[in-house]
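> Mapping of the sequence shown onto numbering that gives the first Met the number 0: position 25 corresponds to residue 24, and the numbering continues sequentially without gaps. What follows is a structure written as structure tokens; I'll ask about it next.
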Amino acid sequence: MNPNANVHAKVKPRDALGRMTPYSPGKPIWEVQREYGLDRVAKLASNENPLGPSPKALEAIRRMLPELHRYPDVRATILARTLADRLGLSEANVVLSNGGDEMITLLSEAYLEPGDEVVVPVPTFSEYAFGALLMNASVKKVPLAEGFAYDADALLAAVTDKTKIVYICTPNNPTGTYMPESEMRRLLDGLPDRVLLVVDSAYAHFATAPDYADGMAFVREGYPVAVLQTFSKIYGLAGIRVGYAAAPEPIVRSLLQVKEPFNVNALAQAAAAAALTDDEHLEASRIANERAKSRLYEGLRALSIPYTKSESNFVLAELGEKADSIYRELLARGVIVRSGQGWELPNHARISIGTVEEIEWLLRELGSIVQSS
Ligand SMILES: Cc1ncc(COP(=O)(O)O)c(C=O)c1O
């Protein structure tokens with residue numbers, strides 16, 4: 000008997016699922032190794048920390064192992080308290096999630112009714128649209144301005160009576176551009192107070208521009224803002240899944256209502272709390288990112304490949320009409336970058352900042368591909 004026979008025809012999934020495109024992740028290392036028979040692969044496709052996790056986080060995980068028969072703390076109290084202290088907020092302003100992705104789903108579940116609208120800049124992180132479509136809300140896309148710059152007026156112009164959430168991602172994935180603090184204030188002051196502004200500052204720790212804002216100051220000022228962050232990027236804990244939102248207390252209460260009780264596992268809670276205390280790892284990661292990013296800029300300039308200056312740990316490069324074949328050729332040579340196709344940027348690729356050695360390798364392969372084509 001075939002267990003799949005006729006099931007699809009009879010048990011109908013929600014219509015919303017038919018409108019959703021699945022998330023397209025960076026290709027995993029093992030898959031590229033197997034597909035191309037390679038020993039060595041550089042994964043520059045998912046904006047991970049090439050230095051790895053904080054040693055303090057690893058030690059905390061080891062200490063927690065004998066306690067794995069216990070359920071995790073529902074409220075992730077120690078982690079929430081540590082975060083709140085660092086952010087100058089109260090524990091009641093912080094809610095943890097199973098990665099930043101889950102927080103986007105929680106925000107969508109807590110706030111979106113069918114027919115509501117969310118405003119998203121494009122190109123940006125795909126999960127904002129995913130959350131909206133999941134809830135039968137609709138997505139209003141607002142193109143970024145010249146040079147992928149944010150334009151508060153364009154976002155404000157897209158707001159209607161049905162708008163419930165406006166998303167900004169800063170530094171923006173995949174462009175690396177950011178919304179300056181004064182522009183964010185202008186946006187907030189222009190938004191009706193029934194609209195929630197979600198500031199996704201997953202890459203905040205990499206930003207160095209003096210007028211960069213991660214959005215936390217606006218939470219402290221009491222604006223209807225939820226700031227989303229993650230332990231997957233500079234903290235190097237993508238594999239264990241921890242993210243969070245900082246927001247005024249009523250927003251946190253709504254998010255707590257929709258989250259599953261044990262959404263953040265015990266190892267993740269311990270690892271993230273320990274990582275927060277590891278200033279040395281944080282600083283080393285920032286310095287390594289700046290060094291390797293400078294090397295990438297220099298190499299791209301030498302190859303006459305235009306790129307957008309990035310406040311983050313990835314760079315959007317314009318490879319031109321042959322971008323897709325260059326992307327594939329890089330893969331075959333063991334260098335995984337992210338094709339721009341998923342963002343409707345067919346001439347671009349997003350390159351994550353790996354170690355200097357990985358960036359050198361990428362540049363060598365890119366140089367040889369570009370020169371031979
Ligand atoms: C802008 C942005 N926000 C949120 C996330 C979610 O990260 P995670 O679910 O790993 O915490 C990502 C991951 O790539 C991202 O790029």
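All residues carry an ideal CB built from backbone N, CA and C; glycine is no exception.
Is Ser284 near ligand 1, with its Cβ less than 7 Å from a heavy atom?
no
> How about Leu344: is its C-beta nearer than 8 Å to some C-beta of chain D?
Absent here is chain D; the protein component of the structure consists of one chain.
> Can you tell me whether Ala201 sits near ligand 1, meaning its C-beta is under 7 Å from at least one heavy atom of the ligand?
yes
> Say the cut is 7 Å; is the CB of Asn48 nearer than that to a heavy atom of ligand 1?
no
> Per DSSP, Glu229 forms a beta bridge with which residues?
Correcting the residue identity first, residue 229 is Thr in this sequence and not Glu. In DSSP, Thr229 forms a bridge with Gly242.
> Any chance the segment 248 to 258 sits against the segment 56 to 64, with 3 or more Cβ pairs inside 8 Å?
no
> Would you report the Cα separation of Ile28 and Leu227, rounded to the nearest angstrom?
28 Å
> Would you call Ser303 buried or exposed, if buried means 16 or more other Cβ atoms sit within 10 Å of its Cβ?
exposed
> Considering only the beta carbon of each residue, do Val336 and Arg349 sit closer than 8 Å?
With contacts defined as CB atoms closer than 8 Å, Val336 and Arg349 qualify as a contacting pair.
> Do Asp213 and Cys168 have their C-beta atoms closer together than 8 Å?
No, they are not a contact pair.
> Mind checking His347: buried by the 16 CB within 10 Å criterion, or exposed?
buried
> Verify the contact flag: Ala237, CB atom, against every heavy atom of ligand 1, threshold strictly below 7 Å.
Flag set: Cβ of Ala237 near ligand 1.
> Is it the case that the Cβ atoms of Val263 and Asn46 are separated by a distance below 8 Å?
no
> For Glu317, which of helix, strand or coil comes out of DSSP?
strand
> Please tell me whether Asp100 and Glu126 are closer than 8 Å, where the distance is taken between their beta carbons.
yes
> Who are the near neighbours of Gly51 in its chain, counting only those whose CB is closer than 6 Å to its CB and skipping five residues on each side?
Excluding positions up to five away in sequence, the list reads Gly235.
> Measure the Cβ-Cβ separation of Gln268 and Ala75 and say whether it is below 8 Å.
Yes, the pair counts as a contact, with Cβ atoms nearer than the cut-off.
> Could you check the C-alpha separation between Ala271 and Ala246 for me, to the nearest Å?
Distance between the alpha carbons of Ala271 and Ala246: 19 Å.
> Tell me the start and end of each unbroken beta strand (DSSP E) in the segment 107 to 155 that is at least 3 residues and wholly inside, in chain order.
116 to 121 and 137 to 142
> Whose C-beta lies closer than 7 Å to the C-beta of Val218 among residues of the same chain, with five residues either side of it excluded?
For Val218, where only same-chain residues beyond five positions count, the Cβ hits under 7 Å are Leu88, Asn92, Val224, Val226, Ala245, Ala246 and Pro247.
> In or out: Phe124 buried (at least 16 other Cβ within 10 Å) or exposed?
buried
> In terms of alpha-carbon separation, which member of Ala151, Pro191, His204 and Lys42 lies closest to Ser181?
Ala151
> Whose CA, out of Ala237, Asp188, Ile239 and Ile233, lies closest to the CA of Glu220?
Minimum Cα distance to Glu220 is reached at Asp188.
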